[in-house]
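Engineer:
Protein chains: 2
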Amino acid sequence: MKKHRRIILAHGSGGKLSHDLIKEVFLKHFANPTLNKLDDAAVVSLSSIAHRLLQGEEASDKVRFAFTTDSYVVSPLFFPGGDIGKLSVCGTVNDLSMMGAKPLFLSASFIIEEGFQISELERILSSMRKAAEEAKVTIIAGDTKVVDKGSADGMFISTTGVGFIPGGVEISGSNARPGDKVIVSGTIGDHGIAILSQREGLRFSIRLRSDCAPLNELVEDMLEASKEIHCLRDPTRGGIASALNEIATKSNVGIRIYEEAIPIHDAVRAACEMLGLDPFHLANEGKLVAIVGHSDAEKILEKMRGNRYGVDAAVIGEVVEEHKGRVVLKTIFGASRLLDMLVGDLLPRIC
Amino acid sequence: MKKHRRIILAHGSGGKLSHDLIKEVFLKHFANPTLNKLDDAAVVSLSSIAHRLLQGEEASDKVRFAFTTDSYVVSPLFFPGGDIGKLSVCGTVNDLSMMGAKPLFLSASFIIEEGFQISELERILSSMRKAAEEAKVTIIAGDTKVVDKGSADGMFISTTGVGFIPGGVEISGSNARPGDKVIVSGTIGDHGIAILSQREGLRFSIRLRSDCAPLNELVEDMLEASKEIHCLRDPTRGGIASALNEIATKSNVGIRIYEEAIPIHDAVRAACEMLGLDPFHLANEGKLVAIVGHSDAEKILEKMRGNRYGVDAAVIGEVVEEHKGRVVLKTIFGASRLLDMLVGDLLPRIC
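Quick mapping for you: the protein sequence lines, in order, are chains X and E.
Going by the working numbering, the first sequence opens with residue 321, and the numbers climb by one from there.
Going by the working numbering, the second sequence opens with residue 321, and the numbers climb by one from there.
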């Protein structure tokens, strides 16, 4: 194709330039036999799924699929530790993982503002490819729309994922039981502060990076250690406070967590104090919160710490009979305070 | 929740207002047992799929799934014959149908501009629900992001669909063979002209409506008449010219079509003449182009005409050995002209 350096409206026309863009830019990064067909829908056979994942298990009534979608509107598009492309793959992989599913396929749909630099598009596609490779997931369907200058802010990406849930895995936000332990996989608030500092041009003595990462292998490791994993949540928008409140409500239990047990970078703590933010409401993109049977908690924790995305994992609290539907934080000073769901918006366009 | 009349940024925060919006607005329209769980991913068992669709067929190696995604950025959001909601369901249902798949599930992801009227959101959700009901497809996963005023134009929707392809169905853009007949399911260009007239405030003596419709039942009817359906395409962006060019290229055949055989509303023809547009490049959202075995063409056509979305169906041409990879139009005056893929952009944000 005539080499364009920027996206023009005709790249979204469905005609020749759309085809050129798909073949010469998108397929350069995402080529695979299923996507390359460029039919109206990608076709996958159950036997190809079985070949990849079931490993001898019969395709039976026990076979369940997980299905999830997210749009990504993060601003800025590039930030320390990632970009919108990496985020759009990791976020959807993580939503599948939070159901105990092994991610199989993704679709990716792009809304691009006229005038967008093709070199930046390629950077984003390249980091999507890397994240997909790490998560061992294939992008098999896609779409691109171009809108006129001023009708979108650079680029938005929507990804949808299909995953396979192995037999015996029963994870849901409503499965928490009194006595269960609450685990967080690492430091909280890194993504929120990384975006904020990039957006507002803040500088801290320690450079903060987003924790954006695919967590499917961490979840696989955990499930290998024990099937007593009752709930999993990735605390993105709304932070661990919102994730834990959701679980408390759905399971109709109380949750008690201990401030001193919660891993947090000094720089995030300092930024929160300076800016008056609550780290429990800050977004994370490479962390999970797990509610697990108390007798297996140590075994699960040990396994998590052996994974690169779980080295700072810690038990931070427990599920209790009292204050059903509520999350209570025991502060370092011994006081108790109610940890509410985020009300209002802390940081728009965090993911 | 406190009754909001407009979307505010906190509706996208992941916190309390997000939850209220989902429960009180989205679930009002889309409630179903799978979606209601509001977990990170929707879970469906193969047996529930079998129960719905396989009707006794074994879940075997022959089971194939179709997977497709699209973003919708149409402007204006409401137009004669539909709106962005109806379009986002029909478009994805149709992409699945074009592979011969029966649509099973959809996900829907919304990017909404701050300040958007909740009453308009509800109108859009309501028409999504109606379209989904007509297509017998369930929306089981979703996401909502809110961006600050000026960062998006009202609303964009991304839908992703999963469908089931019955055994014996082999439809692909590369299956056209010389001798095959080319069928179009009805009048061309209605959607393109309806959007254009709404956008530009043009008035014609006859009111033009978009043809936006779910075509899965039409395709089921066709497959009931014959399995000799080789290619199906919904000629959206880029029109029937781009759809036929894609098929000619993929199948490495020539395609010849006859102008006089192509159904077109007088008003669309008049608008095209007035505005210098080529109806073959105009978008359709409720039409399909089919390449079928010549001996079954009449049988398929008859069946199509019995469906409300196929009453004007017509054989418009044939697949030929000559001019491989190219589409030739025989004009009403007997001349031949090459029908090219759309170059440049005719109408941005047509879908």
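Don't be surprised by glycine CBs; every beta carbon is placed ideally from N, CA and C.
Rounded C-beta distance between I715/E and I567/E? I'm assuming under 8 angstroms.
Structural biologist: Residue 715/E cannot be examined here, being either before or after the span of chain E that is shown, 321 to 671.
Engineer: With a 10 Å radius around its C-beta and 16 neighbouring C-beta atoms as the bar for buried, classify V457/E as buried or exposed.
Structural biologist: Under this definition V457/E is a buried residue.
Engineer: I'd like the span of the beta strand (DSSP E) that includes P423/E, first residue to last.
Structural biologist: Looking at the DSSP string, the run of the beta strand (DSSP E) that includes P423/E is K422 to E433.
Engineer: Using 8 angstroms as the cut-off, can you tell me whether the segment 476-495 of chain X makes contact with the segment 509-518 of chain X, which would need three or more C-beta pairs spanning the two stretches below that distance?
Structural biologist: With a cut-off of 8 angstroms, the segment 509-518 of chain X and the segment 476-495 of chain X do not count as touching, because too few Cβ pairs lie within range.
Engineer: Does the beta-carbon of E638/E have 16 or more other beta-carbons within 10 angstroms, so that it is buried, or is it exposed?
Structural biologist: When all chains shown are included, E638/E counts as buried.
Engineer: For C551/E, which of helix, strand or coil comes out of DSSP?
Structural biologist: C551/E falls in the strand class under three-state DSSP.
Engineer: Using the Cβ count rule (16 or more neighbours within 10 Å means buried), how would you classify D586/E?
Structural biologist: Exposed is the call here.
Engineer: Any idea what DSSP makes of A496/E, helix, strand or coil?
Structural biologist: Reduced to three states, the DSSP call for A496/E is coil.
Engineer: How long is the line joining the alpha carbons of T389/E and R628/X, rounded to whole angstroms?
Structural biologist: The straight-line gap from Cα to Cα measures roughly 33 angstroms.
Engineer: Looking at the structure shown, is T480/E part of a helix, part of a strand, or coil, going by DSSP?
Structural biologist: Three-state result, T480/E: strand.
Engineer: Going by the DSSP bridge assignment, what does R657/X pair with across the sheet?
Structural biologist: DSSP lists L649/X as partners of R657/X.
Engineer: If we require 3 or more residues per run, which beta strand (DSSP E) segments fall completely within the segment 514-595 of chain E?
Structural biologist: Listed in chain order, the complete beta strand (DSSP E) runs (minimum 3 residues) inside the segment 514-595 of chain E are 549-553 and 574-578.
Engineer: Where does the unbroken alpha helix (DSSP H) through K336/E begin, and where does it stop?
Structural biologist: From DSSP, the alpha helix (DSSP H) with K336/E extends over K336 to L341.
Engineer: What residues in its chain sit with their C-beta under 7 angstroms from that of G698/E, if we drop five residues either side in the sequence?
Structural biologist: Residue 698/E lies beyond the stretch modelled for chain E, which goes from 321 to 671, so this question has no answer here.
Engineer: Considering Cα atoms alone, identify which of H331/E, K323/E, R325/E and V482/E is closest to L662/X.
Structural biologist: If we check each option's Cα against that of L662/X, H331/E comes out closest.
Engineer: Is it right to say P555/X is buried, meaning 16 or more other beta carbons lie within 10 angstroms of its own, or is it exposed?
Structural biologist: Buried: at least 16 other Cβ atoms inside 10 Å.
Engineer: I want to verify the contact list: residues of chain X whose CB lies under 7 angstroms from the CB of L662/E, in sequence order.
Structural biologist: Correct list: S333, G334, G335 and K336.
Engineer: From the DSSP output, which residues share a beta bridge with R326/E?
Structural biologist: Per DSSP, Q437/E.
Engineer: Cβ atoms of I459/X and L355/X: under 8 angstroms apart, would you say?
Structural biologist: Yes, the pair counts as a contact, with Cβ atoms nearer than the cut-off.
Engineer: Mark A351/E as exposed unless 16 or more other C-beta atoms lie within 10 angstroms of its C-beta, in which case mark it buried.
Structural biologist: The residue in question, A351/E, is exposed, as its Cβ has fewer than 16 Cβ neighbours within 10 Å.
Engineer: Could you tell me whether the Cβ of T388/E comes closer than 8 angstroms to any Cβ of chain X?
Structural biologist: Yes, contact with chain X.
Engineer: So, under 8 angstroms CB-CB, R326/X and F436/X are touching, yes? Tell me the CB distance rounded to an integer number of Å.
Structural biologist: Going by Cβ atoms, the distance from R326/X to F436/X rounds to 6 angstroms, so yes, they are a contact pair.
Engineer: In terms of residues, what are the limits of the alpha helix (DSSP H) holding F346/E?
Structural biologist: Here F346/E belongs to no alpha helix (DSSP H), and DSSP marks it neither H nor E.
Engineer: According to DSSP, is L374/E part of a helix, a strand, or is it coil?
Structural biologist: Model confidence at L374/E stands at a pLDDT of 49, short of 50, so the residue's coordinates are unreliable and nothing is read from them.
Engineer: Do A610/X and C532/X come within 8 angstroms of each other at the CB atom, strictly closer than that value?
Structural biologist: No, the pair does not count as a contact, with Cβ atoms beyond the cut-off.
Engineer: Alpha carbon to alpha carbon, how far is I636/E from P583/E? Give it in angstroms, no decimals.
Structural biologist: Whole-angstrom Cα-Cα distance: 9 angstroms.
Engineer: Could you spell out the range, first to last residue, of the beta strand (DSSP E) harbouring D463/E?
Structural biologist: Here the beta strand (DSSP E) through D463/E covers T458 to V467.
Engineer: Excluding the five sequence neighbours on either side, which residues of its own chain have a C-beta within less than 6 angstroms of the C-beta of D463/X, listed in chain order?
Structural biologist: Contacts found: S429.
Engineer: Do the CB positions of N536/X and P668/X come within less than 8 angstroms of each other?
Structural biologist: Not closer than 8 angstroms, so no.
Engineer: With 16 as the cutoff for other CB atoms within 10 Å, does K348/E come out buried or exposed?
Structural biologist: Classification for K348/E: exposed.
Engineer: Can you name the residues of chain E whose CB is closer than 7 angstroms to the CB of F399/X?
Structural biologist: Within 7 angstroms Cβ-Cβ: nothing; F399/X doesn't reach chain E, min ~16 angstroms.
Engineer: What is the DSSP secondary structure of R384/E, counted as helix, strand or coil?
Structural biologist: Of the three classes helix, strand and coil, the one that applies to R384/E here is strand, per DSSP.
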